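J.: Quick one: this structure, given as C-alpha cells, is what I'll be asking you about.
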Amino acid sequence: MVEAVEGDEKSDRAVAVGIDDGVDLNDAVIVALGCNDKGAWSSCTEALEAALARFRSEGIDVVARSSWWSSLAWPDPHDPAFLNGVVIVRTEHDPHALMAALGRIEDAFGRERSVRNAPRTLDLDLIAYGRLSGDLQGLILPHPRAAERRFVMGPIAEIAPNWTHPHGGSASDLAASASVGADAHPS
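Counting in the numbering used here, the sequence shown runs from 1 upward without gaps.
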C-alpha cells in the first residue's frame, strides 16, 4: 500500500507503508498520531492526513509511515473510537523543539487539553528520539506508556518490526504483548 505525503517536491513522492534500507532504526525519531473527534474535518482520516501535510512546514520530514489503525477509545470505550498511526521522521529539531512543533500542529487543529483522555481532534506524541532515554527536563523519552499500547506498537511493528525499544524488546514482540488497546487493528 502506498500513501502520498504532501509538501515540497522531495515530500511529494509516495511513501510506502514500510521503511527503506537507508533509515537507521537506532536513530529513528517516531511520532504517533491519533484522532477520535473529526472536528471540522469530514473524518479522522482526513484530519490525520491534513496533519501529516503540515509536518513539512514545521521542519519535519516523514520518511516512513504506517497505515491507519482503529481501536476503541481508552480508557473509556464509550468515547468515539480512535484512528491511530505512526511516522518515522527526520528533523533538525532537538526533542524539545520537536515537541513544540507538534504542539503547534495540534493547536492549529483545535486540540483542547482541558480533560485528560477526552476525545480530541489531533493527538501527536513523540514516542522515541533515537536511543535517548530518561527525563530530559520534563520530557520523558521514550514515551513512558508506548510499549504497553498496541495502537502504538502495532503501527511501529508494521513499518519497522525490528525496531528495538530503548528499554528493550522489538516492536513486533511489544505489539504482541501490549495490553492497552489490544483491539487495535489496521483499518
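Ideal Cβ placement from N, Cα and C applies to all residues, glycine included. Since we're looking at a predicted model, the values are computed, not measured.
(1) Tell me which residues share the same chain as Ser71 and place their Cβ nearer than 8 angstroms to its Cβ, disregarding the 5 neighbours each side in the sequence.
(2) What are the uninterrupted segments assigned as alpha helix (DSSP H) that are 4 or more residues long and contained completely in the segment 142–169, given in chain order?
(3) Using 8 angstroms as the threshold, is the C-beta distance between Val89 and Val62 below it?
(4) If you run the structure through DSSP and keep just helix, strand and coil, what is Leu139?
(5) Return the bridge partner residues of Gly34 from the DSSP annotation.
(6) Touching or not, the segment 95–104 and the segment 52–62, by the rule of three or more beta carbon pairs under 8 angstroms?
(7) Please state the DSSP three-state secondary structure of Ile19.
(8) Could you pull out every residue in the same chain whose Cβ sits closer than 6 angstroms to the Cβ of Ile19, ignoring the five residues on either side in sequence?
(9) Ser67: which of Gly34, Val115, Gly130 sits nearest, CA to CA?
(10) Using 8 angstroms for Cβ pairs, my map puts Thr121 next to Ala47. What's the rounded Cβ distance?
(11) How is the beta strand (DSSP E) around Ser70 delimited, first residue to last?
(12) Does any heavy atom of the ligand FAD sit closer than 7 angstroms to the C-beta of Gly85?
(13) For Ala147, tell me which candidate among Gly169, Ala40, Lys38 has the shortest Cα-Cα distance.
(14) Would you call His165 buried or exposed, if buried means 16 or more other Cβ atoms sit within 10 Å of its Cβ?
(15) Taking the alpha carbon of Ala100 as the point to measure from, which residue in Asp173, Ser42, Asp125 has its own alpha carbon closest?
(16) Mapping the DSSP letters down to three states, classify Gly134 as helix, strand or coil.
(17) Assign Pro77 to one of two classes, buried (16 or more other C-beta atoms within 10 Å of its C-beta) or exposed (fewer than that).
(18) For the alpha helix (DSSP H) holding Asp61, just list the boundary residues, first then last.
T.: Let me lay it out:
(1) Within the same chain, Ala81, Phe82, Asn84, Arg150, Phe151, Gly181, Asp183, Ala184, His185 come within 8 angstroms of Ser71 by CB-CB distance, once the 5 residues on both sides are set aside.
(2) You should have 150–159.
(3) In contact: Val89 and Val62 (Cβ atoms closer than 8 angstroms).
(4) Leu139: strand per DSSP, three-state reduction.
(5) Paired residues: Asn84, Asp123.
(6) Counting Cβ pairs under 8 angstroms, three or more are found: they touch.
(7) Of the three classes helix, strand and coil, the one that applies to Ile19 here is coil, per DSSP.
(8) Within the same chain, Ala64, Ile159, Ala160 come within 6 angstroms of Ile19 by CB-CB distance, once the 5 residues on both sides are set aside.
(9) With distances taken between Cα atoms, Ser67 lies closest to Gly34.
(10) Yes, Thr121 and Ala47 are in contact; Cβ-Cβ is about 6 angstroms, under 8 angstroms.
(11) That run of the beta strand (DSSP E) goes 69–71.
(12) Among the ligands in the structure shown, none appear at all, so the ligand FAD cannot be discussed.
(13) For the set Gly169, Ala40, Lys38, the Cα lying nearest the Cα of Ala147 is the one of Gly169.
(14) Residue burial is scored here from C-beta neighbours: His165 has at least 16 other C-beta atoms within 10 angstroms and is therefore classed as buried.
(15) Out of Asp173, Ser42, Asp125, the CA that lies nearest to the CA of Ala100 is found in Asp125.
(16) Here Gly134 sits in strand by DSSP.
(17) That one is exposed.
(18) Counting along the chain, Asp61 falls outside any alpha helix (DSSP H), though it belongs to the beta strand (DSSP E) covering 60–65.
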